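A.B. asks:
Chains as they are written, first to last, in our numbering: chain H, 13 to 500; chain G, 27 to 122.
#1: Going by DSSP in three states, residue 222 of chain H sits in which element: helix, strand or coil?
#2: Can you name the start and end residues of the alpha helix (DSSP H) that residue 327 of chain H belongs to?
#3: Determine the DSSP secondary structure at residue 181 of chain H, reduced to helix, strand or coil.
#4: How about residue 44 of chain G: is its C-beta nearer than 8 Å to some C-beta of chain H?
#5: Contact between the region 174-190 of chain H and the region 476-485 of chain H is defined here as three or more beta-carbon pairs at a separation below 8 Å; is this criterion met?
#6: Check each candidate in H/292, H/151, H/97 and name the one with the smallest Cα separation from residue 105 of chain H.
#7: Opposite residue 477 of chain H in the DSSP bridges: which residues?
#8: Give me the Cα-Cα distance between residue 137 of chain H and residue 108 of chain H, rounded to the nearest whole angstrom.
#9: Going by other Cβ atoms of all chains shown within 10 Å of its Cβ, with 16 needed for buried, is residue 111 of chain G buried or exposed?
#10: Taking any Cβ of chain H, which residues in the region 63-89 of chain G have a Cβ under 7 Å from it, in chain order?
#11: Assuming residue 441 of chain H contacts residue 321 of chain H under a Cβ cut-off of 8 Å, what Cβ separation, rounded to an integer in Å, is found between them?
#12: Just how far apart, CA to CA, sit residue 171 of chain H and residue 400 of chain H?
#13: Here's the rule I'm using: 16 or more other beta-carbon atoms within 10 Å means buried, otherwise exposed. How should residue 198 of chain H be labelled?
#14: According to a CB-to-CB cut-off of less than 8 Å, which residues of the region 97-116 of chain G neighbour chain H?
#15: Would you kindly check if the distance between the Cβ of residue 495 of chain H and the Cβ of residue 461 of chain H is under 8 Å?
#16: How close, in whole Å, do the beta carbons of residue 426 of chain H and residue 432 of chain H come, if the pair is a contact with beta carbons under 8 Å?
#17: Return the residues of the region 424-450 of chain H that lie within a Cβ-Cβ distance of less than 9 Å from chain G, sorted by chain order.
#18: Relative to the C-alpha of residue 319 of chain H, which candidate in H/437, H/95, H/159 has its C-alpha closest?
#19: Return yes when the Cβ of residue 114 of chain H is within less than 8 Å of the Cβ of residue 101 of chain G, no when it is not.
#20: Closest to residue 26 of chain H by CA distance: which of H/344, H/13, H/71 is it?
#21: Where does residue 335 of chain H land, buried or exposed, given buried means 16+ other C-beta within 10 angstroms?
#22: Is residue 17 of chain G close to chain H? Criterion is C-beta to C-beta, closer than 8 Å.
#23: Does the CB of residue 251 of chain H have a neighbour CB from chain G at under 8 Å?
#24: Compute the Euclidean distance between the alpha carbons of residue 559 of chain H and residue 81 of chain H, then round it to the nearest angstrom.
#25: Note down the Cα distance separating residue 333 of chain H from residue 28 of chain H, rounded to an integer number of angstroms.
#26: Determine, using beta carbons only, whether residue 359 of chain H and residue 42 of chain G come nearer to each other than 8 Å.
#27: Look at the alpha carbon of residue 311 of chain H and the alpha carbon of residue 201 of chain H, and state the distance between them as a whole number of angstroms.
#28: With a threshold of 6 Å on Cβ separation, who are the neighbours of residue 313 of chain H within its own chain once the five nearest residues in sequence on each side are excluded?
#29: Taking the runs of the beta strand (DSSP E) that are 3 residues or longer, which of them lie wholly in the region 390-470 of chain H?
#30: Hey, would you say residue 164 of chain H sits closer than 8 Å to residue 143 of chain H, going by beta carbons?
#31: Could you give the distance in angstroms between the alpha-carbon of residue 59 of chain H and the alpha-carbon of residue 415 of chain H?
Here it is in structure tokens:
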């Protein structure tokens, strides 16, 4: 058994009782990394020295009987698009190969304030653009349940490191499913908070109206603890919500009697793998057995969500990524004759194929003559998608469905055809377009690969999502299974 | 709407990307297939629908007009590929 199988409250208790040290916890991480990292490859950077130093400081605090945070001593992975002062942050892009941040993201600062210990920076699809982590500018990450399969993306390194037991938990970011989809593919819990609940300050921008940081954990209680630590208003992010942060832990009562859950027929229709559907129906029975009322509902504009997302997100990205021009930071291409040539050479050499494709797509959608046909049209459809959710939430507390229509796909299977990769995002992107919170929790296995159950809540109602997900978890064993790093 | 190789070259220039001949061909093909997929949105009549640019309608987020801490110059220049006299240095802008 790994030390990481102990609950957060148990770790906390043992640390305070001096039965366990923070050093023990980071050594557990490094031991596991030595065993499996060559196969999983979830890290872009490992900060052994820094982690040991922070662990020692926590142990000294404990020795002096000082109060410690609930996350104290827990080894964490941080997705490499979250800036960490003094620790290279690349977004898995060659263009930021040498970027040494001069400030830290608010969410990361809050983790440190909670005394979690960052072990390293996690691999991802370059600039969070992708659903498999095959688009990293450095190397792929492999699914710990079967190393021939992708771990999902873009937070693939964050997810795989938790599933493989290399870290206790990770932070990821979710623009169109990038926390929930890899959580689903690797059999762990992934929570995408309401837009604005967690500060985006220091999260390298991909699509600013959609991006959100959130936790990837082994169970729902851990997700609640991490969210409690990172949520809250931040004056440095003008889109940060100034709302009361509830006590997420006390919401985990196990009582979901009378909870009204809608299952959109569009989420269980054609295109959803029949074996995945079976697991979701099993999950519905578990929730019904606990007293939830489950009924079929409709989100009629679901089929328009993927084209809407793939117009809006690349449009915002094409604008956000204009900053990588080789002037203030990042890599600059050599031997350019003039400024314009320097821009072009730098960007062409620094960005990978998927990032260039999305910049091209976004630039086209925003360009003169096409703005109304693509960008404005997609913004209007976004309104319809948002209204679909508002209508259902008038009568229901939660929306339920699969997180992804399939289990993880094979390495290389979708890399050559971007469109087949995009359409797989159909059940995750609507949530970002509407700014809603959603969680993916383990709900079974198909041919040895995990299936995720998605629960979507009302704006800022993370408590109901966590309560239902936790109740489900208490009556199932899927989250207790550990990946065995097999092949084939 | 279909996109020609010339359109792709134009968009690449707007995006400050220098594409190789091979990339231009691949992107022309792929962008056409993706743009074809976007045509699905034409099925919807959105003439009466207001656009959404943001999940919430937050407007005018103000703070007190008080000077905060500034970044020291050396820190701001720390990641610069090239610098001179405390400033970012770039190649020639205009032929002179």
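Backbone N, C-alpha and C fix where the C-beta goes; we use that ideal spot for every residue, glycine too. In this text the structure is predicted, and so the values were computed from the model without any measurement.
C.D. replies: According to the data block:
#1: coil
#2: 317-332
#3: strand
#4: yes
#5: no
#6: H/151
#7: Its beta-bridge partners do not exist; DSSP assigns none.
#8: 14 Å
#9: exposed
#10: 63, 64, 66, 67, 70, 72, 75, 76, 77, 78, 79, 80, 81, 82, 84, 87, 89
#11: 4 Å
#12: 30 Å
#13: buried
#14: 97, 101, 102, 104, 105, 106, 107, 108, 114, 116
#15: no
#16: 5 Å
#17: 429, 430, 431, 434, 435, 444, 445, 446, 447, 448
#18: H/437
#19: yes
#20: H/71
#21: exposed
#22: The structure shown does not extend to residue 17 of chain G, since chain G spans only 27 to 122, so no value can be given for it.
#23: yes
#24: Beyond the ends of chain H as shown, which are 13 and 500, falls residue 559 of chain H; an answer cannot be given.
#25: 46 Å
#26: yes
#27: 25 Å
#28: 396, 397, 400
#29: 410-414, 450-458, 461-469
#30: yes
#31: 32 Å
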